[in-house]
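Student: Have a look at this one before I ask anything.
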Amino acid sequence: MDDLDRQILSILRRDARTPYTEIADEIGTSEGTVRNRVDRLTGEGIIERFTVTTRTGNVKAMIEVSVDMNVTTSEVSERMADWEEVDFVWQVSGEDDIVLVVDCVDTQAVNDLISQARELDEVKGTKTRLILDERLG
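Each residue of the sequence shown is one higher than the one before, counting from 420 in the working numbering.
Next up, the structure:
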């Protein structure tokens with residue numbers, strides 16, 4: 420990945436629907452170059468998906484999960500990724516092992532997800548942070 424790829428990715432992170440012609444104009448290359456590079460980055464798995472961020476008025480939270488030492492964290496992460504309210508699942512270093520970013524209709528729904536996580540035998544504990552404000556970086 421070179422500097423041109425990084426510039427394209429930076430623009431797409433802010434708005435995945437940015438037309439390739441607009442990206443090309445901004446970074447000083449052709450639309451075909453942008454299209455080919457996005458296709459390559461997608462094919463190589465660097466771009467995993469194009470997504471939508473919404474402002475639904477819902478409650479967003481990060482649920483930090485610690486799991487038992489004898490557990491395959493990726494297996495637990497994969498199961499949690501299937502939960503409807505989960506937007507992202509990150510495996511992280513530090514005190515906790517997994518962070519869920521969730522989008523729920525209300526705080527009760529967040530609490531239900533916390534309970535669902537705690538009911539898993541592999542989970543030792545959880546900590547939750549409500550997301551008060553969100554900005555694109």
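Built from N, CA and C at the ideal position, the CB exists for glycine as well.
With burial defined as no fewer than 16 other Cβ atoms inside 10 Å of the residue's Cβ, what is the status of D525: buried or exposed?
Tutor: exposed
Student: Leaving out the 5 sequence neighbours to the left and right, which residues in its chain are closer than 8 Å to T545 when beta-carbon positions are compared?
Tutor: I482, E483, V484, S485, I533, A536 and R537
Student: Pick out the complete beta strand (DSSP E) segments inside the stretch 441–488, 3 residues or longer, and give them in chain order.
Tutor: 478–486
Student: Name the residue from S449, I517, R468 and V508 whose alpha carbon lies nearest to the alpha carbon of V490.
Tutor: I517
Student: DSSP state of D531, grouped into three classes?
Tutor: Helix, per DSSP.
Student: Classify V520 as helix, strand or coil using the three-state DSSP reduction.
Tutor: V520: strand per DSSP, three-state reduction.
Student: Drop a sphere of 10 angstroms on the beta-carbon of I465, count the other beta-carbons inside from all chains shown, and report buried for 16 or more, exposed for fewer.
Tutor: exposed
Student: Buried or exposed, going by whether 16 or more other CB atoms sit within 10 Å of the CB of M499?
Tutor: Counting Cβ neighbours within 10 Å, M499 comes out buried, since at least 16 surround it.
Student: Output the distance between the C-alpha atoms of R459 and K479, rounded to the nearest integer angstrom.
Tutor: 33 Å
Student: Is there a C-beta anywhere in chain B that falls below 9 Å from the one on A536?
Tutor: In summary, chain B is missing from the structure at hand, where a single protein chain is found.
Student: Quick one: any contact between the stretch 423–432 and the stretch 441–456, if contact means 3 or more CB pairs under 8 Å?
Tutor: yes
Student: Going by alpha carbons, who is nearest to D540 out of D487, S512, V508 and I427?
Tutor: D487
Student: Starting from D506, trace the beta strand (DSSP E) in both directions and tell me its first and last residue.
Tutor: Secondary structure note for D506: its beta strand (DSSP E) is the uninterrupted segment V505 to Q510.
Student: According to the Cβ coordinates, are F507 and V520 closer than 9 Å?
Tutor: yes
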